[in-house]
Structure formats: structure tokens, C-alpha cells
Amino acid sequence: MSEIDKLHTDLSNEANDNLDKISDQKQKIQNITEQFESVSKHGSESQIFMLINNVKEELNCSVNDFQELMSAQKDVSLSFEEFDSQAIMKSFGSVEIKETSLDINYKPFKLQQAQFLKHQRKLPTKFELDVKFKVAASYLVGIGVTKDNKLFLCNWNGSTLFVMSDKGKQLATVQMDGKQWGIAMEEDKNTAWVTLPDQQSVQAVDLDTMKKGRLIKVPCTCYGITIIDDQIAVGGDCKIYILSKTGDVQKTLDVDLFAVFSISVGQKHQLYYAQADIGKSKLKYIGLDGTVTSVFIEDSHGVIGINSDGIGNAYFLECEDSNLKLFSFEDKSIKTLLTSAEGLNSPYGIAFSKDWSKLFISNHTAGEILVFLCNQK
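Rendered as C-alpha cells:
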């Protein structure tokens, strides 16, 4: 019976593995569906457009993975061949596996560009203060936002990472292995990636259990962080490192001789980056080939936080002047959107809700979060 047991185990393991893959695909599609339902109900046409452009690559990957899974499926049957019963037997017979390809008709949809909205390109450019709240004993920096607007707040005043609602209610705390600066959310993997500059490390946090992972050492004092092509990009002194999720360096990109405090992925996988210590400088991005490009001739001052919308525009914070500005891809201009008059006070962190209906800004030394409702021009 050992041969039958082994066959049963092998087939069961393969079936369970396929079920896990199907379950993963289902969860990814469910997450995208929930985002579409939310933005369709509460968002504008421009927010729908931005969401489509942001998820199109993820949808294409899901289509390819599903096609690969379907093509690997087999119709398995077992047959038993009995040995001559008159012989002195060590075995009653043998089990034969027959596999034939399944005839599965799957027609992948064609993901088309949302060209009918291209002429509008509306952006959040007007903001109304909704909520302002303080977080005790904190110097707030990076902000991570989940799809249900839980805020994961990096704290430069201790090892406590704060988890808050968008109305200011404390939901949880996570005791990290050091002070935190930047955070990148990977919600489909249920993970937040957090930089710990003093530890020269990145540390993961489980978004459900609020448990921290082990320290992942990186080759620099790291500040800014983002996810690109299922890898981690971290900013250090005069360099941006592309790392695997175990910390192996995949690529090193050279930038100006200052710390990279914030990174955000642009429309064509370029990395916008912020270097506040440089003082006056051009807003820049770097390609994965190492080419640095200035996007505007006007100098910005003390840029510390940056957030690209994925379709060419970039929002950025000037910490010393307490400004939020927008680089518009459409007319290649820079506009001031918020100032100290609207409550900005040494702002360090910036993030939008997943449906672009809310803007979150951290006032660093005040330990304060500003929540703005977004309106479109």
C-alpha cells in the first residue's frame, strides 16, 4: 500500500498547492473589486481614472498567472493492474497514473486604457481640513494608509509605531526595534515595510496581527522606502538601493550627496526622491538605469516628503517653508496647494487614501496629523 499512499500524498499536495494559488488570485481580485466599488461610489471620474491606471499592471499579472495555472491542469485517473495471483507475490499489482490535458476554454479580457477620461486628468488640488489630532510623545514622519483608512504612523521619538483611525482614535501600537522613518504599504501581502535608520534596517509589520518581523539589514542608514516590481527601494546617503525582501542588494543608484528622505514610484517606474538637506534644488527623479532627470526648472526648498499619483504628477512637502506643492504633468507647472495658513507646521510625511478622497500630512515636531478632504479642479 506504500505506493498508493505516496501517490495519494503527491496528488493531494499538488491539488492543495493549486487551491492556494487560486485562493491568492481570488483575494487579489477581491481587493481590487473593493477599491473599484469604493471609488465608484464616493470618488470622481479622475479618481476612477487614476485607480484604473494604478491597478492595470496588477490585473495583467493576475491574468497571466491564471492562464499559466489553467494550462497546467490535468485530468488524472488511476488504474490498477493485477499481478498473476498464482505467483508468489511481493505485491498484488501496480498502480498506473494517466494524465490528459483538460480542455478549458478561457478567454482573457483585454485591458484597455481609460482614454475617454484622458482629456480631463482632474487632480486633488483643493483641500478642506476634516480632522486634526495629536499623537502623544511622538515626532511623526512617514504615514502608511490601508484601504479602510487605518493609519500606520512612523515615530522618530521612540520605538513605538502608532496605528490610528483617520478620526484620531488609537487602535494599536507596535513596539519596533528602533525609531522609524519611512513606511511602504503592501496590503495585498498584508505587510507594511518600515525603515529604522539607527539600526540600518528594514522591519516588516503584519497588518492584521500587528506583529513585527525580524530586522532586515541594509547597506546604509535608510530613510525613504517604497515598493517597486515586488522589490524594496530604500534611500540612504547619496544612494538608492533596490533590495530583495530578504535584504539582498539587486541594484545601486547614485544620487546627490545627501540623505534620501522619501521615495515614490512614478508613471514609468522612475523614482521621485526627496533630499531636504540639499536646500534649494530641482525636483528630480531617477530611472532604474541610473539616469537622473530634473522635472522643473524652478527650485524647490527642503523637500522632505513626496508622493506620485502614478500618472505623472507628484505632490511634495517643503518642511522648512511648510508648503504642499504639486508638480502637474499636464502643463509642467508647480503649484502651491497648502501652507502654514492651513495648519502645516514642519510637515514631514504625506499620504493619500486608496481612493484619493483624503490627504494625510504629519506635522513632525508637533506630533500631529492633519486629515484633509480632497476636491478636484
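The sequence shown begins at 17 in our numbering and counts up by one.
Even glycine gets a Cβ: it sits at the ideal position worked out from N, Cα and C.
Report the option in the options whose CA atom is closest to the CA atom of residue i.
i: Ala-220; options: Met-192, Asp-214, Asp-26; result: Met-192
i: Leu-269; options: Asn-339, Ala-152, Asn-173, Gly-251; result: Gly-251
i: Gly-295; options: Ser-316, Val-308, His-380, Gly-303; result: Ser-316
i: Gly-328; options: Thr-49, Asn-70, Lys-37, Leu-35; result: Asn-70
i: Lys-195; options: Gln-89, Val-210, Leu-389, Met-201; result: Val-210
i: Asp-371; options: Ser-28, Thr-307, Glu-50, Leu-27; result: Glu-50
i: Ser-175; options: Thr-189, Gly-282, Asp-222, Val-387; result: Thr-189
i: Ile-199; options: Val-179, Lys-183, Asp-293; result: Val-179
i: Lys-261; options: Val-234, Ser-349, Tyr-239, Gly-240; result: Val-234
Please classify residue i as buried or exposed, where buried requires at least 16 other C-beta atoms within 10 Å of its C-beta.
i: Asp-325; result: buried
i: Lys-300; result: buried
i: Ile-313; result: exposed
i: Thr-3; result: Residue numbering for the chain in the displayed model covers 17 to 393; residue 3 lies beyond these limits and cannot be assessed.
i: Gln-186; result: exposed
i: Lys-351; result: exposed
i: Gln-129; result: Note that Gln-129 has pLDDT 48, beneath the 50 cutoff, so the model's placement of it is unreliable and the number below is only indicative. Burial call: exposed.
i: Ser-154; result: buried
i: Met-201; result: buried
i: His-285; result: exposed
i: Gln-46; result: exposed
i: Ile-38; result: exposed
i: Val-265; result: exposed
i: Gly-282; result: buried
Look up residue i in the DSSP assignment and say whether it is helix, strand or coil.
i: Gln-43; result: helix
i: Cys-236; result: coil
i: Asp-81; result: helix
i: Ser-28; result: helix
i: Phe-345; result: coil
i: Thr-49; result: helix
i: Glu-336; result: coil
i: Asn-34; result: helix
i: Glu-144; result: strand
i: Ala-382; result: coil
i: Gln-215; result: helix
i: Asn-391; result: strand
i: Lys-261; result: coil
What residues are listed by DSSP as bridge partners for residue i?
i: Glu-74; result: Glu-74 is not bridged to any residue.
i: Met-180; result: Leu-167, Gln-186
i: Ile-320; result: Ile-320 pairs with nothing; no bridge assigned.
i: Met-201; result: Ala-208
i: Val-276; result: For Val-276, which the question treats as bridged, DSSP gives no partner whatsoever.
Say the cut is 7 Å; is the CB of residue i nearer than that to a heavy atom of the ligand PLP?
i: Leu-75; result: The model on display carries no ligand, and the ligand PLP is accordingly not part of it.
Evaluate contact between the stretch 326-345 and the stretch 154-163, counting only Cβ atoms and requiring at least three cross-stretch pairs below 8 Å. The way I'd put it, the stretch 326-345 doesn't touch the stretch 154-163; fewer than three beta-carbon pairs between them come closer than 8 Å.
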